[in-house]
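A short write-up of the structure that comes next.
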Amino acid sequence: MSLTNQVTAADILRISGVDASRCMQCGKCSGACPNYDEMDIPPHRFAIMVRQGRITELMESQAIYRCLSCFACSQRCPRNVEPAKLIEAVRLTVIRQKGQNHMKADSIPEKLDEKLPQQAIVSAMRKYSK
Amino acid sequence: MKYSYYPGCTLKTKAKDLDRYGRLCAEKLGIILEEPDNWQCCGGVYPQGEDEIATKLSSVRALADAKEKGQDLVTLCSACHHVLKRVNHDMKQNETIRLRANNYLKLDSPYQGETNVIHYLEMLRDKVGFDNLKKAVVNPQTDRKIAPYYGCLLLRPGKVMAFDDPEDPRIMEDFIRAIGATPVKYSQRNECCGGYLTLENKKAAQKRAGAVVDSAEQAGADLMITACPLCLYNLDANVPEGSVPVQYFTEILAEALGVKEEV
Amino acid sequence: MQKIGVFVCWCGSNIAATVDVKAVAEALKSEAGVVFSTDYQYMCSENGQAMIRQAIREHGLTGIVVCSCSPRMHEATFRKTAVSAGLNPYMVEIANIREQCSWIHKDMAEGTEKAIVLARAAVAKLHKNAPLTAGTSPVTKRALVIGGGIAGIQTALDVADAGFEVDIVEKAPTIGGRMAQLDKTFPTLDCSACILTPKMVEAAQHEKINIISYAELDSLSGFVGNFTATIRKKARYIDEDKCTGCGVCTEKCPSRKGLDDFNMKLNKRGAVYIPFAQAIPNVAVIDPEQCLKLRTGKCGLCQKVCSAKAVNFEQKDELIERQYGAIVVATGFKPIDASAFNEYAYNDSPDVVTSLEFERIMNAAGPTKGQLVRPSDREHPHEIVFIQCVGSRCTEDAEKGKPYCSKICCMYTAKHAMLVREKYPDVNVHVFYIDARTPGKNFDEFYRRAVEQYGVDYIKGMVGKVSVEGKKLHVQGSDLLNGEQVHINADMVVLATAIEPDPTARALGTMLTASMDTNDFFTEAHPKLRPVESPTAGVFLSGVAQGPKDIPETVAQAGAAAAKVIGLLCKNELTCNACVAHANEAACNGCSQCERVCPYGAISYEEREIRSPEFRGVRRIAVVNEAVCQGCGACTVTCPSAAMDLKGFTNSQIMSEVDAICR
Amino acid sequence: MSMNREWTPNIVAFCCNWCSYAGADLAGSGRMNYPANVKIIRIPCSCRLNPMFILRAFQRGADGVILCGCHPGDCHYSTGNYYARRRMTVLFSLLDYMGIERGRTRVEWVSAAEGAKFAATMNDFVKTVTELGENKKLGDLRCKK
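Chains as they are written, first to last, in the working numbering: chain A, 4 to 133; chain B, 325 to 587; chain C, 631 to 1293; chain D, -1 to 143.
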């Protein structure tokens, strides 16, 4: 199923509470990102693309599922932009749409192993599905 | 000293050790941990969206319950701690979230972030005191070189968590010294292990976990300790066989306080 | 009844765009007492002023209201205009319809309505105005310069050359400040010490300059032209007049735990020390925290070896009280504390240093004698990473750092990079930057030389993490132009830390009642037109105390501040503030309340014979010394019998304004 | 004021000459908007503000009165704002006793460098007073035309 709802930069501002225009493109967030290699759109580009209203591209990116939610970007940002919140806001606009759950409940059993803590399942469901 | 104690989902199942040892040690240190009757899972991840209200409510319930009892709320799992502290901060600082959450919950008196959320480690540092902890140790872990793993959730964002210097934490090092062992400082101690990705992208999680464990090994650690079940799993299951072992900090604490055998 | 003229200024379109100036002039015509009302494009222009003068004469005006910009801008201008037409200068009122009306409102109707109200309030006040005459006060012809860095030294030299006495108060044991710590200066790469020390010597030898080192301002009273300062000269346990600076004591001192501040604490020094070879005064000082004799009573070795008998363990802090006509703040800066930036491993590794620490390492007189070696193992580095903007350009709600650009870091980093490559071509140098800011004469050329001639690797993007991995520093940063992550295994990392005002500035600002911004930089009287004066009369600003700047700018500003000081000290007397307190002898009952709240001690009492219809006889009456009163008005409110009033801001004047606004 | 227009409060702002009046000027040169119903009266120091002036403003129909001065410790006259603070505390408790809503009066410290704070303070104060509505309690009908 494809994304049907149009999402604007204003929606991202409302959901994230983050004003992306405060970003000065210093790139410290990307420099700090421990998962940089996996991010098709690194945090600093995420911020500028939100500012430019290129939300659809962001919604189609892999970065929204690959962010570790470790807050290193938010912590080290000198402008208090909090890229992690922007990424989460875009992810929310995707998974809130019908049929866009990134992780389906019935796919989980095969991924389980004996030691896997509940927390991993609970948080993955929180992050990737509605 | 009596506290409300929020164990969280994982400590009731896969991370029973973290919980059991934590309770035993508290008892030994003269602390009473009271578990509320009706706590619900915090969700394991802080809902960052400002319009996410429902997903914050379970935390608010636990916080409001502690407020009713007039107790500080102690947490042990890093993830629960992170979620509860940040939701508490929202209830204190964010008018919209506060209003909407209270509209849902219809509590006797609205909850406005009054409860003090403290991590077990903060309890040891600020309430018990590491000096007193040192005195209570019966089996000092003298020969051990322990690498503390903070991860992300305890420390960041520093302004909200107010736990320690997020770039140069020392609480776990001080804890390790208090139980007689030698702390090992290594660069990846506050870098993410990739735990949240273990289901979604196992490879990425393995890469991060490998980097963390490698860094601790290079620094000469013979044991790693953590406060987070997800980190523990990740640093244990997603790294090569024979890597440096990882334990909950409560387990080594129980050993030091001589209560481990009671389990 | 006053005959009032109203003059509404358009200020080009600044006012006229949001205020219907003709309507304002028209509306004011119907106010009681207004006999003339007009508008004009620029009231402050010569034509505008001529118009005012003509109206005063033609209509026999007794007072004027000018509706224009802030009185802080042109009140003085229009007072002079009034005087030239024969009016008392205090018969002028300004309605601020620009800063407080047209510039902040967008709607013409709203702006016009408010402008009319403000003008009416000014007219209402003017009705109660009375001609005032300002007294005069003498000027003490000596200046106090606080801070003995290049800013303070330059100001002192310029003022002294004009023939006035200057005291430099320096908190460190020597003058020289930050510039003395630098190795080379950009963009010429000339040796910092070589150009600074001659100035230090010149200051020391100048017959009009008196250097009070190891001293701080303790308290201050008075006002422009008449300040009284108490200076605390800290005990240095060495008699300055006897010490020859031979340095024998510093070699013999057995204590070796003190950290050398001059070398940014990179090495240890004895408890008795001379900060550096060219120190002025070139005399030793004892650090009481480290001295065994002062702490335990045992030792005293320095005293035994001193042939000049200069060591005196009994020395106490000394208080010096002196009068000054002008005060110059030249307190300078310090780099921010980098320990909050452990993401760059500043606390984890001694090989991560700040730029000022690096400056000392590169300096031939520094702890490594100018050899570029790693502080940890004294090995020669092969890979150096510079990180710019550490703690600069951070928003106020960010976790740490300063909101401003520190201005000098881009250039000194280019300098460091160039010096390293010049001296050690085998060392690879990388600079992580956000923007290379090089607006200055020969600045961009300098930076380009670093890139083109010296092969410095500039990477646009910030470092996110520096990890200590064995002997190496693993630097992880983002190359924004290439869109890739950069990993460098460096031997040293240099942090271009932001600069902040010296920590003593805040308390000093309070003592001088000189305003500061939220970053503790001193505020100038006008950001463009009066950049070297504080809003507090008689206080002048020199150097980084006012805002980040490099050496040439500092020297230029120091000279400008000196020119202002000279302009002040040239005068024999100053016109006082005419808006001073005054007690109505018929109402005063001599209760002494006003005396207690007066911060200047301007109020005293005298027995005066009163002959009024209600009372005849001798009564105790408050008397205000008009030369001392600064016109704050504290006494007027505290007076239980409403006898005390403030000229220019009388109870009835303010009440009239209130009434006009609430009409 | 024409009757058909929506009611807006009339607000008197007393600003000390050294900090807050300069802060207001800075708000102006920075084009930081705040409502036109704020009218500023310049006084040399916050300690020049006689509580009588505030009562007079309310009597004449002001809906809110705000006093702005230098930050504590930064007074141009060293101690003036401390006197002002104490006097206002006493006055405000009197007004409170008289049933005048606390929100109608305010003391705020605004430095010469805080143009943005000045504008934000005025916006917030106008909002508060607007919510409280017209000042009817202290307004003196005899003063109304």
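Each residue gets a CB set at the ideal place from its N, CA and C atoms; glycine is no exception.
Query	Result
From C1024(C) to C73(A), what distance separates their C-alpha atoms?	21 angstroms
What number of angstroms, rounded off, separates the C-alpha of N362(B) from the C-alpha of L397(B)?	14 angstroms
Looking at the structure shown, is C517(B) part of a helix, part of a strand, or coil, going by DSSP?	coil
Can you tell me the Cα-Cα spacing of V1195(C) and V789(C), whole angstroms?	7 angstroms
Please identify the residue among K326(B), L521(B), P360(B) and I355(B) whose C-alpha is closest to the C-alpha of L71(A).	L521(B)
Within 8 angstroms: the Cβ of S1234(C) and any heavy atom of the ligand GTP?	Among the ligands in the structure shown, none appear at all, so the ligand GTP cannot be discussed.
Can you give me the start and stop residues for the beta strand (DSSP E) that A1232(C) sits inside?	Run containing A1232(C): none; DSSP gives neither H nor E here.
So which residues on chain A does I1118(C) lean against when the C-beta distance must stay under 7 angstroms?	Within chain A, no residue comes near I1118(C); the closest Cβ sits about 12 angstroms away, beyond 7 angstroms.
Got a sec? Which residues, its chain only, sit under 6 angstroms from N1072(C) by beta carbon, not counting five neighbours each side?	P817
May I have the straight-line CA-CA distance separating P965(C) from A1128(C), to the nearest angstrom?	6 angstroms
Output the boundary residues of the alpha helix (DSSP H) element that contains N1281(C).	N1281 to I1291
Between V799(C), C1040(C) and S1145(C), which lies nearest to T815(C) when the distance is taken from Cα to Cα?	C1040(C)
Excluding the 5 residues preceding and the 5 following V854(C) in the sequence, name in chain order all residues of the same chain whose CB lies nearer than 6 angstroms to its CB.	A1167 and G1168
So which residues on chain B does E41(A) lean against when the C-beta distance must stay under 9 angstroms?	L521, N525, K527, A528 and K531
Determine, using beta carbons only, whether S1006(C) comes closer than 9 angstroms to chain B.	no
Grab the span of the alpha helix (DSSP H) containing A12(A) for me, first residue to last.	A12 to S19
Please report how far the alpha carbon of D455(B) lies from the alpha carbon of E419(B), in whole angstroms.	40 angstroms
Pull up the CB-CB distance for A834(C) and I841(C), whole angstroms please, since I reckon it's below 8 angstroms.	6 angstroms
Go through the region 17 to 96 of chain A residue by residue and report every complete run of the alpha helix (DSSP H) that reaches 4 residues or more, in order.	31 to 35, 46 to 54, 58 to 62, 66 to 69 and 75 to 79
What are the boundary residues of the alpha helix (DSSP H) that includes P553(B)?	P553 to A561
Exposed or buried, what is E1174(C) when buried is set at 16 or more other beta-carbons lying within 10 Å of its beta-carbon?	Just to set this straight, residue 1174(C) is Val in the shown sequence, not Glu. Burial call: buried.
Below 8 angstroms on C-beta distance, what does Q28(A) contact in chain C?	I1064 and L1110
What span of residues does the alpha helix (DSSP H) with N1214(C) cover, start to end?	Neither: N1214(C) is in no alpha helix (DSSP H) and is coded neither H nor E.
Are any of the Cβ atoms in chain B nearer than 9 angstroms to that of E973(C)?	yes
May I have the straight-line CA-CA distance separating I64(D) from S91(D), to the nearest angstrom?	15 angstroms
Based on Cα-Cα distance, which residue from R40(D), L89(D) and G78(D) lies nearest to N1281(C)?	R40(D)
Name the two residues that bound the continuous alpha helix (DSSP H) containing N426(B).	E419 to L429
Could you give the C-beta distance for V1105(C) and V1003(C), rounded to a whole number, given that I count them as a contact under 8 angstroms?	V1105(C) to V1003(C), Cβ: 19 angstroms. No contact.
Along the region 964 to 991 of chain C, what residues have a CB closer than 8 angstroms to any CB found in chain B?	S969, A970, F971, N972, E973, A975, N977 and D978
Is DSSP giving G26(D) helix, strand or coil here?	helix
Starting from the C-beta of I356(B), find all residues in its chain whose C-beta is less than 8 angstroms away, skip the five residues before and the five after it, and write them out in chain order.	M325, K326, Y327 and A350
A1290(C) and A754(C): beta carbons closer than 9 angstroms?	yes
Is T648(C) close to chain A? Criterion is C-beta to C-beta, closer than 9 angstroms.	no
Hey, is G1021(C)'s beta-carbon within less than 9 angstroms of any beta-carbon in chain B?	no
Less than 9 angstroms between the beta carbons of D981(C) and D1121(C), yes or no?	yes
Output, in sequence order along the chain, the residues in the region 104 to 131 of chain D whose CB is closer than 8 angstroms to any CB in chain C.	S109, A110, A111, E112 and A117
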